[in-house]
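Chains as they are written, first to last, in this note's numbering: chain A, 1 to 121; chain B, 122 to 187; chain C, 188 to 1105.
Built from N, CA and C at the ideal position, the CB exists for glycine as well.
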Amino acid sequence: MSRRILIVDDEPNIVISLEFLMKKEGFETAVAVDGDDALRKAAEFAPDLILLDVMMPKKSGFEVCQALRTDPATASVKIIMLTAKGRETEVAKGLALGADAYVTKPFSTKDLVLLIKSHLA
Amino acid sequence: MIRSRLKAQRLAFLFLMGCFFFNYPLLSVFNQGGVIYGLPPLYVWLMVSWLALIVQMAWVVERKGD
Amino acid sequence: MLQGWVIVFASFVYLGVLFAIAWYADRRADAGRSLISNPLVYALSLGVYCTTWTFYGSVGRAVASGIGYLPIYLGPTLLFALAGFVLVKMIRVAKANRITSIADFVASRYGKSQVLGGLVTVIAVVGVVPYIALQLKAVSNSFAILSSYPEIVMPAMSGTIPLFQDSALYVAMILAAFTILFGTRHLDATERHEGMVAAIAVESIVKLVAFLAAGIFVVWGVHEGIGDIFAQADAVPEIARRLTTADSPATYGTWGTLVFLSLFAALLLPRQFQIAVVENVDISHLSRAVWMFPLYLFLINLFVLPVALAGLLHFQGGGVDADTFVLTLPMAHQQEMLALFVFIGGLSAATGMVIVETIALSTMVCNDLVMPLLLRMPILGLATRSDLSGLLLAIRRWAIAIILGLGYLYFRMAGEAYALVSIGLISFAAVAQFAPVVIGGLFWKGGTRDGALAGLTAGFVLWTYTLLLPSFAKSGWMPAGFIEHGLFGIDLLRPQHLLGLTGLDEITHSLVWSLLANLGTYIGVSLLRAPNLREARQATLFVGGAEAAGIPGWRGSAGVADLLPLAGRFIGFERAQEAFARHAHERGLRGIEELPADTRLVNFAETLLAGAIGSASARVMVASVVTEEPLGIDEVMNILDEASQVRRYASEVEQKSAELTRATAELREANAQLRQLDRMKDDFISTVSHELRTPLTSIRAFSEMLQEDPKTDLAQRSRFLGIIVSESIRLTRLISQILDLAKLESGRAEWTVESVDVGEVLSDATESMAVLFTEKRVTLEIETCEPGLAVQADCDRLIQVMVNLLSNALKFAPAGSGHVKVGARGTANEVRVHVTDNGPGVPLADQELIFDKFRQGAGTADVLTDKPQGTGLGLPISRQIIEYFHGRLWVESSPAAGTSFVFTLPRLTGDNDASKNS
Chain A
1 MSRRILIVDD EPNIVISLEF LMKKEGFETA VAVDGDDALR KAAEFAPDLI LLDVMMPKKS
61 GFEVCQALRT DPATASVKII MLTAKGRETE VAKGLALGAD AYVTKPFSTK DLVLLIKSHL
121 A
Chain B
122 MIRSRLKAQR LAFLFLMGCF FFNYPLLSVF NQGGVIYGLP PLYVWLMVSW LALIVQMAWV
182 VERKGD
Chain C
188 MLQGWVIVFA SFVYLGVLFA IAWYADRRAD AGRSLISNPL VYALSLGVYC TTWTFYGSVG
248 RAVASGIGYL PIYLGPTLLF ALAGFVLVKM IRVAKANRIT SIADFVASRY GKSQVLGGLV
308 TVIAVVGVVP YIALQLKAVS NSFAILSSYP EIVMPAMSGT IPLFQDSALY VAMILAAFTI
368 LFGTRHLDAT ERHEGMVAAI AVESIVKLVA FLAAGIFVVW GVHEGIGDIF AQADAVPEIA
428 RRLTTADSPA TYGTWGTLVF LSLFAALLLP RQFQIAVVEN VDISHLSRAV WMFPLYLFLI
488 NLFVLPVALA GLLHFQGGGV DADTFVLTLP MAHQQEMLAL FVFIGGLSAA TGMVIVETIA
548 LSTMVCNDLV MPLLLRMPIL GLATRSDLSG LLLAIRRWAI AIILGLGYLY FRMAGEAYAL
608 VSIGLISFAA VAQFAPVVIG GLFWKGGTRD GALAGLTAGF VLWTYTLLLP SFAKSGWMPA
668 GFIEHGLFGI DLLRPQHLLG LTGLDEITHS LVWSLLANLG TYIGVSLLRA PNLREARQAT
728 LFVGGAEAAG IPGWRGSAGV ADLLPLAGRF IGFERAQEAF ARHAHERGLR GIEELPADTR
788 LVNFAETLLA GAIGSASARV MVASVVTEEP LGIDEVMNIL DEASQVRRYA SEVEQKSAEL
848 TRATAELREA NAQLRQLDRM KDDFISTVSH ELRTPLTSIR AFSEMLQEDP KTDLAQRSRF
908 LGIIVSESIR LTRLISQILD LAKLESGRAE WTVESVDVGE VLSDATESMA VLFTEKRVTL
968 EIETCEPGLA VQADCDRLIQ VMVNLLSNAL KFAPAGSGHV KVGARGTANE VRVHVTDNGP
1028 GVPLADQELI FDKFRQGAGT ADVLTDKPQG TGLGLPISRQ IIEYFHGRLW VESSPAAGTS
1088 FVFTLPRLTG DNDASKNS
């Protein structure tokens, strides 16, 4: 049974690249393009891991992360936050809100895959 | 020295006592005719209370300490 | 056998002894070994309060009203209970300012006012004259009675005796001569008289012992003790009433009035002020006087009532004036030596009072009345005369003679109509008028010169009308009608029942009205204006103890060369030199010549002079040196000027401080703005980095995937490469726009400003965008464009704005069904251009936000496919450009009608028709 990964980002080209990358590694993927969409897909799709962008319309990645952690159904899902803002405070905030890891854009595809695998192991 | 605030205030208290001693209505209490033990009460009252006041004033200013 | 010459001889021997004591004490003082510098002498000298009023008059008063003589001594006792608050402060202030008299005190307190000092002097002289008359009457009467020994004959009415047979006249002349010898032998800068004080202390002992001797003789010599006298008195109903006092509200009212009247008198009578304040050697002496002086009063009053009762018992049927019982009782029992001793005691009571009172008054008359007048008469040239100390002494001697002369005159006129005590009370009521300005001046900073003048005048006028004039009238020297029927026959103006007030004795009645008017006007008039600079300074010196130390009195300065001769003219050159040398020594300098010309020296000289001629005159004299201004109106102007200078300076300081406050506030605001800008810059950089990282992420991800997997199929590969290329273009555009914006914002952008035809801009822009519109199948049309619309602008920049707006419209216009309309219209002074699409529209809340950097309008529901392309910098840049050319750019939008971006620019009109030229 393949692992499920939910990709959340509002940037189409990044979504395409992540989707392609995950599929190549044999994961099942779903895509959400904003915060509300992300919460909906997280409930429907029941992913094992979520790649979560921070800067998004409607709900920021932080808000999504917090909502996921407070909902018992999704509280245990792994969350890797992706952000183009590399400031220390943002990293600390993400981790404090319950993210499992924090990756700064642009990222190395190889490292990202390794990180995902380690969290799903 | 009466430059000490406490002494000055004690003296001022004696001032108030004196105003009370030497004026109506206390005065009218002793303002009676006749003599008691051979002395007129008003005269005795004024002289005794006056002297008592002077003694207390002396006690206040001459006391050592403070 | 007591013959006249024996009494006269004894009197002169007594006076001679006194003079010797005074002379010795003065010698000791000059040698620096003061005889009077101890608390006992100070307390005894305060006994000058007890005059012949006490010595003879108290018995008379006791005969008239029983115990009613006593309040006059209870009041001073209460005053000394308040010593810690009133006397201590008064002495300290007087010492610090070299106050020489009660007039000087008042004048100095209210801004060193000469007028005020003069007024106080006049009131004091007029008020105290009856009191001096009382002494003359007592001495001459007692002399007359004693010289008729062994007969007891009351003297004839003084008014009926020919002038040169009146012993009172000779008493007055002898006392004048004696006082002049005592008090005006030389002029002292401190105005202290050590010899006099020593003599007064001795006199206090003499009169106390004399009275006690008479009392003891009467009680145990004539009777069998106090109890015997009281028992006998109680047996005679007519006499027994003296054991009580009338039990009525009026009596108690009078009693209370006398207590407080005497309290003030013991402080404000010129001689009391002189002894208690001016002659005080060391303020610490006061503390023992607090109980010793009341004790003295207690002792001298101990036998008053018994003697009065014994006199009444002995001289039943009258014929003997009760005021003379102290003398006549020993005479009636053939005790001639005791009678002589009592006479000497009475003489000492009288001389003590007259000496101190007239010396104090002569100082006031000289310093506060005569000298200010003389100094203001340029004809006399006093201001330039080299030695005035002789003149000062002459003035004082004449003053003493004149005051005693006035006392004699009053004695001849009014002396017989009143008992001793009643005469004294008239004087008490007069000096009580000083109470509001003196006590108020010590504790209230708001009092002004005008208030003090008005209060004193009001009180004095009412005192004269209700007490002094009636005393003349009763003596027959004035028509008595106005007492009965009021002035001009107006009943309400009856002097002893003013406004119909009845039920009070004349003293209480007078005091009620005069002090009410006095206090009321003093406070009322003072409150009319704020104290001026000088008054405020003096108020601080008098009211506020320690804080006053640092207040400079002078803003100018003068050197020793000016000040020493000035002081020398008044107090003698040698004394002045000594004083200056002492001052130099106190300041740690070696000699007079080292003294700098500073304000401290001027202040010192002023205080030195104040001791000799009073503070008000001293101020004027020092001013003449310090400012080199002639006296008179100029001096007044000078003082005014000084005040206004200080005011101006103060207001400048105030203004500066306000400016400083304002500058601080501005700085704080600027700082806050800077911090805000800093935060914004931080946010901007963070946003920029985010915007740059986003395309980079895609580029890197796809590049890496292509690198990892060379076997990617061709279609996939060209798709990835396409994304990489478009993201690179996006990145490039982003960077160039950021740079562009930075240049615009910092004002470093280059502009080519010329007349631009708007129609051409529109067509150029639409042409360059045509391909993109065709690709997305969106129609683009220029719907209206008036010809000849010209603006002053940079053509390329305007095209840039149009391209931004068109790509923005294209971005939101629906593919296939979208259409975008462009138009330009002109009004009289502006050109209006709009770009309208039929996209989803911009919510009202976002209509300003979209002009912020990196804010892009949220797209349609499917953001993934329809995410607005662009950098989020187009609109902010466009707005910067339009605003640079003084135009406006805004958005009008509604969901139904789509979105319209509109900008306006000022229209170029007139002869310079740009459309034809370009």
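Less than 8 angstroms between CB atoms is the rule here; does residue 236/C satisfy it with respect to chain B?
no
With distance defined between alpha-carbon atoms, name the residue in 897/C, 401/C, 780/C, 266/C nearest to residue 512/C.
401/C
Partners in chain F for residue 39/A, counting only beta-carbon separations shorter than 7 angstroms
No chain F appears in this structure, whose protein chains are A, B and C.
Chain B within 8 angstroms of residue 678/C, Cβ atoms only:
no
Following the continuous beta strand (DSSP E) through residue 972/C, name the residue where it begins and the one where it ends.
966-972
Tell whether a beta-carbon distance below 8 angstroms holds between residue 321/C and residue 441/C.
no
If you draw a straight line from the C-alpha of residue 110/A to the C-alpha of residue 80/A, how long is it?
15 angstroms
Reduced DSSP secondary structure (H/G/I, E/B, other) of residue 195/C:
helix
Determine the extent of the alpha helix (DSSP H) in which residue 920/C is found, giving its start and end residues.
901-933
Am I right that residue 457/C and residue 589/C are in contact with their C-beta atoms under 8 angstroms? What's the rounded C-beta distance?
That pair is no contact at about 15 angstroms.
I believe residue 1088/C touches residue 995/C by the beta-carbon criterion, under 8 angstroms. Please report the beta-carbon distance rounded to the nearest angstrom.
7 angstroms
Which residues in chain C sit within 9 angstroms of residue 128/B, going by Cβ to Cβ distance?
271, 474
Buried or exposed: where does residue 1073/C fall if 16 or more other Cβ atoms within 10 Å of its Cβ makes it buried?
exposed
Any C-beta of chain C sitting closer than 8 angstroms to the C-beta of residue 150/B?
no
So that I know if they touch, is there some Cβ in chain C lying closer than 8 angstroms to that of residue 157/B?
no
State buried or exposed for residue 353/C, treating a residue as buried only when at least 16 other CB atoms are found within 10 Å of its CB.
buried
Taking 8 angstroms as the CB-CB limit, is residue 947/C close to chain A?
no
Between the C-alpha atoms of residue 476/C and residue 209/C, what's the straight-line distance to the nearest angstrom?
22 angstroms
According to a CB-to-CB cut-off of less than 9 angstroms, which residues of the region 158-185 of chain B neighbour chain C?
158, 159, 160, 161, 162, 163, 164, 167, 168, 171, 172, 174, 175, 176, 177, 178, 179, 180, 181, 182, 183
Considering Cα atoms alone, identify which of 302/C, 495/C, 659/C, 809/C is closest to residue 551/C.
302/C
Using alpha carbons as the reference points, say which of 334/C, 564/C, 323/C lies closest to residue 363/C.
323/C
Hey, how far is the Cα of residue 981/C from the Cα of residue 961/C?
28 angstroms
Is the separation between the beta-carbon of residue 809/C and that of residue 840/C shorter than 8 angstroms?
no
Are the CB atoms of residue 311/C and residue 537/C within a distance shorter than 8 angstroms?
no
Tell me whether residue 1063/C is buried or exposed, calling it buried when 16 or more other Cβ atoms sit within 10 Å of its Cβ.
buried
DSSP on residue 776/C, reduced to helix/strand/coil?
coil
What are the boundary residues of the beta strand (DSSP E) that includes residue 102/A?
101-104
Kindly confirm or deny that the region 106-120 of chain A and the region 445-462 of chain C touch, where touching means at least three C-beta pairs closer than 8 angstroms.
no
Run through DSSP, which three-state label would residue 979/C get?
strand
In the DSSP output, which residue or residues are listed as bridge partners for residue 51/A?
7/A, 80/A
Own chain partners of residue 639/C with C-beta closer than 7 angstroms, once the 5 adjacent residues on each side are dropped
293, 297, 303, 624, 709
DSSP beta-bridge partners of residue 1090/C:
1020/C, 1076/C
Near-chain C residues of the region 130-147 of chain B (beta-carbon distance less than 9 angstroms), N- to C-terminal order:
130, 131, 132, 133, 134, 135, 136, 137, 138, 139, 140, 142, 143, 144, 145, 146
Answer with yes or no whether the minimum CB distance from residue 883/C to chain A is below 8 angstroms.
yes
Closer than 8 angstroms, CB to CB, is residue 485/C near chain B or not?
yes
I'd like to know if residue 1129/C contacts chain A, where contact means its C-beta is closer than 8 angstroms to some C-beta of that chain.
Since the first residue shown for chain C is 188 and the last is 1105, residue 1129/C is missing from the structure and cannot be characterised.
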